[in-house]
Amino acid sequence: MKSLGVNSYRFSISWARILPRRFGEINQAGIAYYNELIDALVLKGVEPFVTLCHFDMPQELEERYGSWLSPEIQEDFGYYADVCFKYFGDRVKYWSTFNEPNFQVSFGYRDGTFPPSRCSGQFGNCTAGDSETEPFIAAHNIILSHAAAVDVYRTKYQKAQKGMIGIVLHCAWFEPFSDSEADKLATDRANAFYANWFFDPIVFGRYPEEMAQILGSTLPEFSSKDMAKLKQGLDFLGINHYTSYYVKDCMYSACEPGLGTTRSEGFFQQIQERNGFPMGKRGDLGWQYVYPQGMEKMVTYFKDRYNNVPMIITENGKNNRR
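The sequence shown begins at 1137 in the numbering used here and counts up one residue at a time.
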């Protein structure tokens, strides 16, 4: 990396490698591994950018209480974060609590294509799960686990370690398919059910209004204690951006079944061609269309919505077949 001129390296720590047994004994071999990695990076002048959770966790948490479906995980995640800050925070100045939790809950608890492979009905073929409710329960516990980790960092470590802490989401850009009011409102819903689903509670202490209107009591509520924790917020928004979409309304208009069209997804259809013309050059794997304007429009949107909170582009690129 040094020979390539790379000045930073983003990687995740395996929760199970540090705490295989929840609150049990810390795995010193895991601590040693990450200490060696971080020391080597710092020695070469490469800035470590560390993610605490990139989809994985100790299997015991899934077996004991259902992992992200239980509020118990908030305390466990806070403890795990505390251990990481204690052992690595003197050299790590950039922390991300989660990577793409919006994908994690959508694919893990709605479609069932990611672990723990839970879904129901029309969404997938799983042995257990409820695609209409569980994504929102899991997201709620992830958001509050983020708040728990931030609280630990702010209270015990940040003043001395002088680092920053945030969260990384998969962030697509959405544009109305037409100038109709219905498509414009559908675009607002697309944003609400995508990145704003997580950013809004962390920055504002509440879910997007578009989600609340559609989901009603399905959407968990934040207690006064939760909202106090959420005030700790974040120091930056982490942005993973690869593609953009046109959005068509599915609340008042008929849509073919597909991604985004159901109640639990926001009643919108996302497509990447209009009037026979693609949004941009198509990537080799099909789902990605190169639309540079999307990046500029997206960061401007977040800048305005979240009062100029600092942003870091944590992932971006184009897929190619080898």
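By construction, the Cβ of each residue, glycine as well, lies at the ideal position given by its N, Cα and C atoms.
In whole angstroms, what is the alpha-carbon distance linking residue i and residue j?
i, j, result
"GLU1183", "TRP1231", "11 Å"
"ASN1443", "THR1323", "21 Å"
"GLU1198", "ALA1264", "14 Å"
"ARG1457", "LYS1417", "15 Å"
"LEU1173", "GLY1302", "22 Å"
"THR1398", "PHE1404", "8 Å"
"PHE1250", "ASN1411", "34 Å"
"GLU1311", "GLU1161", "50 Å"
"ILE1278", "PRO1194", "15 Å"
"GLY1430", "ARG1200", "42 Å"
"VAL1445", "GLY1299", "16 Å"
"SER1132", "SER1389", "Absent from the model: residue 1132. The displayed extent of the chain is 1137 to 1458, so no value can be given."
"PRO1414", "SER1314", "15 Å"
"MET1347", "PHE1329", "7 Å"
"VAL1228", "ASN1143", "14 Å"
"LYS1454", "CYS1307", "15 Å"
"MET1387", "PHE1372", "33 Å"
Using the beta-carbon count (16 or more within 10 Å), is residue i buried or exposed?
i, result
"THR1291", "exposed"
"TYR1223", "buried"
"ASP1420", "exposed"
"VAL1286", "buried"
"GLY1402", "buried"
"ASP1440", "exposed"
"PRO1428", "exposed"
"PHE1147", "exposed"
On the DSSP letters alone, give me the boundaries of the alpha helix (DSSP H) that residue i sits inside.
i, result
"PHE1147", "Taken as a continuous stretch (DSSP letters only), PHE1147 belongs to no alpha helix (DSSP H), being part of the beta strand (DSSP E) at 1144-1148."
"TRP1231", "Careful: TRP1231 lies outside any alpha helix (DSSP H), inside the beta strand (DSSP E) at 1230-1235."
"PRO1337", "1332-1340"
"LEU1280", "1270-1288"
"ILE1162", "Taken as a continuous stretch (DSSP letters only), ILE1162 belongs to no alpha helix (DSSP H), as it is neither H nor E."
With a threshold of 8 Å between beta carbons, is residue i in contact with chain B?
i, result
"GLY1141", "The displayed structure is made up of one protein chain only, and chain B is not part of it."
When you compare the CB positions of residue i and residue j, do they come within less than 8 Å of one another, or not?
i, j, result
"ASP1192", "ALA1217", "no"
"GLY1469", "THR1450", "Here the chain has residues from 1137 to 1458 only, and residue 1469 is not among them."
"PHE1185", "TYR1145", "yes"
"LEU1205", "ILE1273", "yes"
"THR1233", "LEU1280", "no"
"ARG1246", "SER1400", "yes"
"PHE1221", "TYR1289", "yes"
"ASN1261", "LEU1305", "no"
"TYR1378", "GLN1408", "no"
"ASN1238", "TRP1333", "yes"
"THR1354", "GLU1268", "yes"
"HIS1276", "PRO1356", "yes"
"TYR1293", "GLY1225", "yes"
For residue i, report the span of its beta strand (DSSP E) as first-last.
i, result
"LYS1384", "1380-1385"
"ALA1183", "In the sequence under discussion, the amino acid at residue 1183 is Glu, which differs from the Ala named in the question. Per DSSP, GLU1183 belongs to the beta strand (DSSP E) from 1183-1189."
"MET1300", "1300-1306"
"TRP1204", "TRP1204 -> no beta strand (DSSP E), and no H or E assigned at all."
"GLU1451", "1447-1452"
"GLN1405", "1404-1407"
"ASN1376", "1372-1377"
With a cut-off of 8 Å, do at least 3 Cβ pairs link the segment 1359-1369 to the segment 1377-1391? no
Would you check if there are 3 or more beta carbon pairs closer than 8 Å linking the segment 1232-1244 to the segment 1171-1179? no
Should the segment 1334-1346 be regarded as contacting the segment 1250-1259, the criterion being three or more beta carbon pairs within less than 8 Å? no
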